[in-house]
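Protein chains in written order, with the working numbering: chain A, 1 to 111; chain B, 1001 to 1113.
Before any comments, here is the structure.
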Amino acid sequence: DAKTTQPPSMDCAEGRAANLPCNHSTISGNEYVYWYRQIHSQGPQYIIHGLKNNETNEMASLIITEDRKSSTLILPHATLRDTAVYYCIVGPIYNFNKFYFGSGTKLNVKP
Amino acid sequence: NAGVTQTPKFQVLKTGQSMTLQCAQDMNHEYMSWYRQDPGMGLRLIHYSVGAGITDQGEVPNGYNVSRSTTEDFPLRLLSAAPSQTSVYFCASRIDPTGNTIYFGEGSWLTVV
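Have a look at this one:
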């Protein structure tokens, strides 16, 4: 199973872009990259996912390197409400039990 | 549409007691699962179900039982509570194998003394 490596914490100034990196060097061909976040004391919330192309939605952008061994989640204009733990997860879309959450990155957005 | 509902939100148990954490979803999702989250750590999968009548073990199943008699409900039973089971428990659901989004409940805070 592909595992991920994320920095334990990052700081970002309010209004600036937050770039959260993730390494997944053992990712296999059928595994997607997913990002979730968990605001304190709440259940995790889906953000975005991708296979090999860059993706963008109303919340964030996901940049996946060409070799798929790493990715970056971009929050274009971070707000204080984006302070949360961000989880990068890789897993095959059809295998629900292989969806492991690691320790994530605690993003602190500061005024 | 309430999404994923967990009860109770808070519970204190004595060592050796048993209890059931309830989870219900009203989205007609086939896939449901239970995770535990210890302080400062990510979520670990306990048990999951791919449909009514079908369950399987996740990463940390010991000490827990599940059943799936209906599509809507997926209770988690602690057979004989231990202090090591003090944790926050999250129930989650997903529409089917092609669904990319997992929906989580608000969590159940369990303390075993």
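Note that the Cβ used here is the ideal one computed from N, Cα and C, for glycine as well.
Just how far apart, CA to CA, sit residue 48 of chain A and residue 41 of chain A? If I take the Cα positions, the gap works out to 21 Å.
Residue nearest to residue 1108 of chain B in terms of C-alpha spacing, selected from B/1067, B/1051, B/1023 and B/1042: Nearest Cα to residue 1108 of chain B within the set B/1067, B/1051, B/1023 and B/1042: B/1023.
Members of the region 100–111 of chain A that neighbour chain B once the beta carbon cut-off is set at 8 Å: Within the region 100–111 of chain A, contact with chain B at the beta-carbon level (separation under 8 Å) is assigned to 100, 101, 102, 103 and 104.
Does residue 1041 of chain B come within less than 8 Å of chain A when only Cβ atoms are used? yes
Are the CB atoms of residue 1005 of chain B and residue 1075 of chain B within a distance shorter than 8 Å? no
Please look up how many angstroms separate the CB atoms of residue 63 of chain A and residue 52 of chain A, rounded, as I've assumed it's under 8 Å. That pair is no contact at about 11 Å.
Below 7 Å on C-beta distance, what does residue 86 of chain A contact in chain B? Within 7 Å Cβ-Cβ: nothing; residue 86 of chain A doesn't reach chain B, min ~11 Å.
Just how far apart, CA to CA, sit residue 54 of chain A and residue 1049 of chain B? 31 Å
What does the Cβ neighbour count give for residue 1010 of chain B, buried or exposed, with the cut at 16 atoms within 10 Å? exposed
List, in chain order, every chain A residue whose beta-carbon is nearer than 7 Å to that of residue 1101 of chain B. 46
Quick check on the burial criterion: 16 or more other C-beta atoms within 10 angstroms. Buried or exposed for residue 82 of chain A? buried
Which value, in whole angstroms, describes the spacing of the CA atoms of residue 111 of chain A and residue 60 of chain A? 20 Å
Helix, strand or coil at residue 180 of chain A [DSSP, three-state]: As shown, chain A starts at 1 and ends at 111. That puts residue 180 of chain A outside it, with no answer to give.
Let me know the secondary structure DSSP gives residue 1037 of chain B once reduced to three states. strand
Candidates A/3, A/8 and A/26, of which the one nearest residue 107 of chain A by Cα: A/8
Whole angstroms are fine: how far does the CA of residue 15 of chain A sit from the CA of residue 1101 of chain B? 27 Å
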